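Visitor: Have a look at this one before I ask anything.
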Amino acid sequence: MNRRRLLVLSATLATLAAIAVAALVVWHQLGGPDEGPAARAPADAEAAGTAGFMPAAEIGGPFRLTDQHGQPFAPADLSTPYGLIYFGYTYCPDVCPTELQDMTLALDALEPALAGRVTPLFITVDPERDTVETVETYVAHFHPRMIGLTGELDRIRAVADDYRVYFAKTGDTDGPDYLVDHSSFYYLIDQEGELVRMFTPKAAPGDLAGALAETLRAAASE
Ligand code: NI
Numbered sequence: 001m002n003r004r005r006l007l008v009l010s011a012t013l014a015t016l017a018a019i020a021v022a023a024l025v026v027w028h029q030l031g032g033p034d035e036g037p038a039a040r041a042p043a044d045a046e047a048a049g050t051a052g053f054m055p056a057a058e059i060g061g062p063f064r065l066t067d068q069h070g071q072p073f074a075p076a077d078l079s080t081p082y083g084l085i086y087f088g089y090t091y092c093p094d095v096c097p098t099e100l101q102d103m104t105l106a107l108d109a110l111e112p113a114l115a116g117r118v119t120p121l122f123i124t125v126d127p128e129r130d131t132v133e134t135v136e137t138y139v140a141h142f143h144p145r146m147i148g149l150t151g152e153l154d155r156i157r158a159v160a161d162d163y164r165v166y167f168a169k170t171g172d173t174d175g176p177d178y179l180v181d182h183s184s185f186y187y188l189i190d191q192e193g194e195l196v197r198m199f200t201p202k203a204a205p206g207d208l209a210g211a212l213a214e215t216l217r218a219a220a221s222e
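So, in structure tokens, the structure goes:
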């Protein structure tokens, strides 16, 4: 094989590998191989111009982690009827801070009676570095009522699996300055950990606020 053909072949293989990884990420995020409608939900939701959607796949559930004060925390401990979860990590250079900020902006845009029904929750996907103290400092930047959760890696992994959250170390994975690839959605849950609705973080905070308000009003009138 000459050099040129070898180059073409390796470029093709690299492209195929990249496609396979991307497909795997989407598969992780959206709920496995036999749940096609779930995989289409976010695209449909965006096409319809709405920030909220309900996945067809089974997503959500109760969990027990440790809050930023070192106390155990489960959805049943919510002082509000609902929690709005975002999975991320405190060392995230830009995506997590932006999306947590958007979550705060959306809650602040709600009328107080509605906002008061939701507790913002941050669950780390990097428990190795995100200790209780690190999480405490972090969540204080975003919302006075935000609860930050960490725990043993296997517990975090179990919660992430329940919520179909993909995460994996990337970059300098042997050193202390690694990054964590992770999926990004907001999950509105009730006190049993049952999923009420998911929201895409691609939506502007105003659209997220609108979709949240709609969901909370609909839930209240049930
Ligand atoms: Ni992030």
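According to our numbering, the sequence shown is numbered sequentially starting from 1. Beta carbons are placed, not taken as given, at the ideal position from N, Cα and C, and that holds for glycine. Since the model is a prediction, treat every value here as computed from it, not as a measurement.
P75 and P62: beta carbons closer than 8 Å?
Guide: Mapped onto the sequence shown, residue 75 falls at position 75. Mapped onto the sequence shown, residue 62 falls at position 62. Contact: yes.
Visitor: Do you know offhand how far T137's Cα is from T131's?
Guide: In the sequence shown, the residue the question calls residue 137 occupies position 137. In the sequence shown, the residue the question calls residue 131 occupies position 131. Cα-Cα distance, rounded: 10 Å.
Visitor: Going by the CB atoms, is the gap between I189 and Y82 shorter than 8 Å?
Guide: If you number the sequence shown from 1, residue 82 lands on position 82. If you number the sequence shown from 1, residue 189 lands on position 189. Taking 8 Å as the Cβ cut-off, Y82 and I189 qualify as a contacting pair.
Visitor: My guess is that G148 and V139 are in contact by the Cβ rule of under 8 Å, so how many angstroms apart are they, rounded?
Guide: Here residue 148 is taken as the residue at index 148 of the sequence shown, counted from 1. Here residue 139 is taken as the residue at index 139 of the sequence shown, counted from 1. Yes, G148 and V139 are in contact; Cβ-Cβ is about 4 Å, under 8 Å.
Visitor: Note down, in chain order, each residue of its chain lying with its Cβ closer than 7 Å to the Cβ of D181, except the 5 sequence neighbours on either side.
Guide: Here residue 181 is taken as the residue at index 181 of the sequence shown, counted from 1. Cβ neighbours of D181 beyond the five flanking positions: F167, A168, T170.
Visitor: Determine the contact status of L78 and T119, defining contact as a CB-CB distance below 8 Å.
Guide: For the purposes of this step, residue 78 is taken as residue 78 along the sequence shown, with counting starting at 1. For the purposes of this step, residue 119 is taken as residue 119 along the sequence shown, with counting starting at 1. Contact flag set, yes.
Visitor: Among H69, E214, R157, A218, which has the Cα closest to the Cα of A51?
Guide: The count along the sequence shown starts at 1 and reaches residue 51 at position 51. Comparing Cα positions, the closest option is E214.
Visitor: What first and last residue would you give for the alpha helix (DSSP H) that runs through T119?
Guide: Stepping through the sequence shown from its first residue, residue 119 is reached at position 119. Note, T119: premise wrong, no alpha helix (DSSP H); beta strand (DSSP E) at 118 to 124.
Visitor: Taking G175 as the reference, which of R145, I156, R129 has the closest Cα?
Guide: What you label residue 175 is simply residue 175 of the sequence shown in a count that begins at 1. Selected option, being the one with the closest Cα: R129.
Visitor: Taking all protein chains shown into account, do 16 or more other C-beta atoms lie within 10 angstroms of the C-beta of V21, making it buried, or fewer, making it exposed?
Guide: On the sequence shown, position 21 is the one that residue 21 refers to. Model confidence at V21 stands at a pLDDT of 48, short of 50, so the residue's coordinates are unreliable; what they give is reported in the following sentence. With fewer than 16 other Cβ atoms within 10 Å, it is exposed.
Visitor: Under 7 Å from any heavy atom of the ligand NI, does the C-beta of Y186 make it?
Guide: For the purposes of this step, residue 186 is taken as residue 186 along the sequence shown, with counting starting at 1. Outside the cutoff, so no.
Visitor: Using a 10 Å radius around the Cβ and a threshold of 16 neighbouring Cβ atoms, would you call H141 buried or exposed?
Guide: Locating residue 141 in the sequence shown gives position 141, counting from the first residue. Exposed, since its Cβ has fewer than 16 Cβ neighbours within 10 Å.
Visitor: For D243, name the three-state secondary structure that DSSP assigns.
Guide: Here the chain comprises residues numbered 1 to 222, so residue 243 is not present and cannot be evaluated.
Visitor: From P205 to R155, what distance separates their C-alpha atoms?
Guide: Here residue 205 refers to the residue found at position 205 when the sequence shown is read from its first residue. Here residue 155 refers to the residue found at position 155 when the sequence shown is read from its first residue. Near 30 Å, if we compare the C-alpha coordinates of R155 and P205.
Visitor: Cα-Cα, which of L110, M198, D172, H143 is closest to E58?
Guide: In the sequence shown, counting from the first residue as 1, residue 58 sits at position 58. When each option's Cα is compared against that of E58, the closest is M198.
Visitor: Buried or exposed: which applies to G70, given that a residue is buried once 16 or more other Cβ atoms fall within 10 Å of its Cβ?
Guide: In the sequence shown, residue 70 corresponds to position 70, counting from 1. Classification of G70: exposed, given that the 10 Å Cβ count is below 16.
Visitor: Which value, in whole angstroms, describes the spacing of the CA atoms of A160 and L65?
Guide: Indexing the sequence shown from 1 puts residue 160 at position 160. Indexing the sequence shown from 1 puts residue 65 at position 65. Answer to the nearest angstrom: the Cα atoms are 12 Å apart.
Visitor: Starting from T98, follow the alpha helix (DSSP H) in both directions and report where the run begins and ends.
Guide: For the purposes of this step, residue 98 is taken as residue 98 along the sequence shown, with counting starting at 1. 95 to 109 is the extent of the alpha helix (DSSP H) around T98.
Visitor: Taking the alpha helix (DSSP H) that T150 falls in, what are its first and last residues?
Guide: Position 150 of the sequence shown holds residue 150. From DSSP, T150 is part of no alpha helix (DSSP H); its letter is neither H nor E.
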